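Visitor:
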Amino acid sequence: MLARTPRTLVTPSAWRIIARAHSSHAAPPSFAPSGVTSADTEIPYGDPACASSAYLPQKDGARTQTEEEKRAVSETPELTPEQRDVLEKIIRVDQAGELGANYIYYGQKAVFAAGSDKRTTGIVQAMWDGEKKHIAAFDKLITQHNVRPTALYPVWKAMAFGLGAGTALMGKRAAMACTEAVETVIGEHYNEQLKQLKADFPDHPSIPLLEKILTEFRDDELEHLDTAVANESQQAPAYALLSAVIAGGCRWAIKTTEKI
Ligand SMILES: [Fe+2]
Ligand SMILES: [Fe+2]
7 MLARTPRTLV TPSAWRIIAR AHSSHAAPPS FAPSGVTSAD TEIPYGDPAC ASSAYLPQKD
67 GARTQTEEEK RAVSETPELT PEQRDVLEKI IRVDQAGELG ANYIYYGQKA VFAAGSDKRT
127 TGIVQAMWDG EKKHIAAFDK LITQHNVRPT ALYPVWKAMA FGLGAGTALM GKRAAMACTE
187 AVETVIGEHY NEQLKQLKAD FPDHPSIPLL EKILTEFRDD ELEHLDTAVA NESQQAPAYA
247 LLSAVIAGGC RWAIKTTEKI
């Protein structure tokens with residue numbers, strides 16, 4: 007039997023402290039009849055309290071945007087080659103990551119919905135609904151900033167669905183350990199990107215909007231992490247090994263997607 011080893015990832019309690027400082031957008035989205043995202047999911051309505059609503063349909067009709075708000079969602083800034091490289095990597099990786107997250111929850115939901123565990127099915131569905139908002143916003147951002155999407159869409163979709171379904175077949179705790187590992191890496195990654203954007207970018211309204219969206223999504227991911235821990239992720243069989251393998255795979259996928 008494997009001995010449980012201390013976690014090397016950032017602890018959930020540390021994340022919780024960060025998340026609580028920002029989190030004000032926990033309401034699940036409802037869905038607009040406005041087509042589907044690149045992850046084949048419905049496009050959700052935007053929550054007017056959240057930055058991401060700038061890219062999402064509005065339930066009560068679109069409000070009038072200021073000129074600055076229009077520029078923030080329609081223009082891409084003049085950048086140096088180095089800045090452009092950073093922006094492209096951020097948007098390409100995040101869109102691919104959100105695509106993967108959607109397919110992980112899709113795989114988990116498929117397994118749990120086929121069984122009798124309605125409670126876990128509901129928990130997974132609620133987290134998946136959050137990912138639908140994320141991918142819908144990044145689909146818009148990738149177009150606005152003329153960023154080439156990853157060439158690995160089909161690979162990431164298949165691998166993410168397999169990871170979600172595979173861990174769900176191992177049981178609820180393993181599925182939650184998968185969520186905990188993935189969301190820990192994604193939370194760290196969003197924090198890194200926020201540092202890069204704050205460091206050296208021109209004064210164009212699309213950049214502070216992107217920062218707000220990365221912050222919003224980072225906090226959403228940390229709520230998913232909290233949900234996983236609250237649902238016994240750390241009691242999964244071979245928890246330490248499972249976490250390390252999944253987190254390592256996520257980091258490898260991020261590096262690969264930056265280039266391909
Ligand atoms: Fe996400
Ligand atoms: Fe998430």
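Each residue of the sequence shown is one higher than the one before, counting from 7 in the numbering used here.
Cβ atoms here follow ideal geometry from the backbone N, Cα and C, with glycine treated the same way.
Source: prediction; values computed, not measured.
Report yes if the C-beta of residue 194 is less than 7 Å from at least one heavy atom of ligand 2; otherwise report no.
Guide: No, the beta carbon of residue 194 sits no closer than 7 Å to any heavy atom of ligand 2.
Visitor: Do residue 62 and residue 102 come within 8 Å of each other at the CB atom, strictly closer than that value?
Guide: No, the pair does not count as a contact, with Cβ atoms beyond the cut-off.
Visitor: Decide if residue 134 is buried, meaning its Cβ has at least 16 other Cβ atoms within 10 Å, or exposed.
Guide: Residue 134 is buried by the Cβ-count criterion.
Visitor: Going by the C-beta, is residue 133 closer than 7 Å to any heavy atom of ligand 2?
Guide: Result yes, Cβ under 7 Å from ligand 2.
Visitor: With distance defined between alpha-carbon atoms, name the residue in 257, 46, 44, 86 nearest to residue 5.
Guide: Coverage of the chain is limited to positions 7 through 266, which leaves residue 5 absent and any answer about it impossible.
Visitor: Any heavy atom of ligand 1 closer than 7 Å to the Cβ of residue 137?
Guide: It does: the Cβ of residue 137 is within 7 Å (strictly closer) of some heavy atom of ligand 1.
Visitor: Out of 54, 105, 211, which has the shortest C-alpha to C-alpha gap to residue 44?
Guide: When only C-alpha atoms are compared, the closest one is 105.
Visitor: Are residue 165 and residue 243 touching if we call contact CB-CB under 8 Å?
Guide: Result no, Cβ atoms of residue 165 and residue 243 do not sit closer than 8 Å.
Visitor: Which same chain residues end up closer than 7 Å to residue 28 when comparing Cβ atoms and leaving out the 5 residues on each side of it in sequence?
Guide: Note on residue 28: pLDDT 43, under 50, position unreliable in the model; no value is reported.
Visitor: Between the Cα of residue 182 and those of 114, 223, 57, spot the shortest distance and give me the residue it belongs to.
Guide: The shortest Cα separation from residue 182 among 114, 223, 57 belongs to 114.
Visitor: For residue 122, which of 191, 187, 236, 174 has the nearest alpha-carbon?
Guide: Of the candidates 191, 187, 236, 174, the one whose C-alpha sits nearest the C-alpha of residue 122 is 174.
Visitor: By the DSSP assignment, the alpha helix (DSSP H) with residue 331 in it spans what residues?
Guide: Outside the modelled stretch of the chain, which goes from 7 to 266, sits residue 331, for which no answer is possible.
Visitor: Tell me which residues share the same chain as residue 37 and place their Cβ nearer than 6 Å to its Cβ, disregarding the 5 neighbours each side in the sequence.
Guide: So the qualifying residues of the chain are 48, 50.
Visitor: Buried or exposed: where does residue 52 fall if 16 or more other Cβ atoms within 10 Å of its Cβ makes it buried?
Guide: Its Cβ being crowded by 16 or more others within 10 Å, residue 52 is buried.
Visitor: What residue does the beta strand (DSSP E) around residue 37 start on, and which one ends it?
Guide: Run containing residue 37: 37-42, per the beta strand (DSSP E) assignment.
Visitor: Could you tell me if the beta carbon of residue 107 falls within a distance shorter than 7 Å of some heavy atom in ligand 2?
Guide: Yes - ligand 2 has a heavy atom lying nearer than 7 Å to the Cβ of residue 107.
Visitor: Helix, strand or coil, according to DSSP, for residue 230 in the structure here?
Guide: Residue 230: helix per DSSP, three-state reduction.
Visitor: Whose CA, out of 152, 150, 108, 148, lies closest to the CA of residue 132?
Guide: Checked all of 152, 150, 108, 148; the closest Cα to residue 132 is 108.
Visitor: Is residue 151 near ligand 1, with its Cβ less than 7 Å from a heavy atom?
Guide: No, the beta carbon of residue 151 sits no closer than 7 Å to any heavy atom of ligand 1.
Visitor: Check for me: the alpha helix (DSSP H) holding residue 66 runs from which residue to which?
Guide: Element bounds for residue 66: n/a, residue is neither H nor E.
Visitor: Count the other CB atoms, across all protein chains shown, that sit within 10 Å of the CB of residue 41; report buried if there are 16 or more and exposed otherwise.
Guide: Residue 41 comes out exposed.
Visitor: I'd like to know whether the C-beta atoms of residue 215 and residue 55 end up nearer to each other than 8 Å.
Guide: Not in contact: residue 215 and residue 55 (Cβ atoms no closer than 8 Å).
Visitor: Three or more C-beta pairs under 8 Å: does that hold for the stretch 199-208 against the stretch 85-98?
Guide: At 8 Å Cβ cutoff, the stretches touch.
Visitor: Does the beta-carbon of residue 5 have 16 or more other beta-carbons within 10 angstroms, so that it is buried, or is it exposed?
Guide: Residue 5 lies beyond the range of the chain shown here (7 to 266); nothing can be said about it.
Visitor: Compute the minimum distance between the beta carbon of residue 226 and the heavy atoms of ligand 1, and state whether it is under 7 Å.
Guide: Yes, since a heavy atom of ligand 1 falls inside the 7 Å radius drawn around the Cβ of residue 226.
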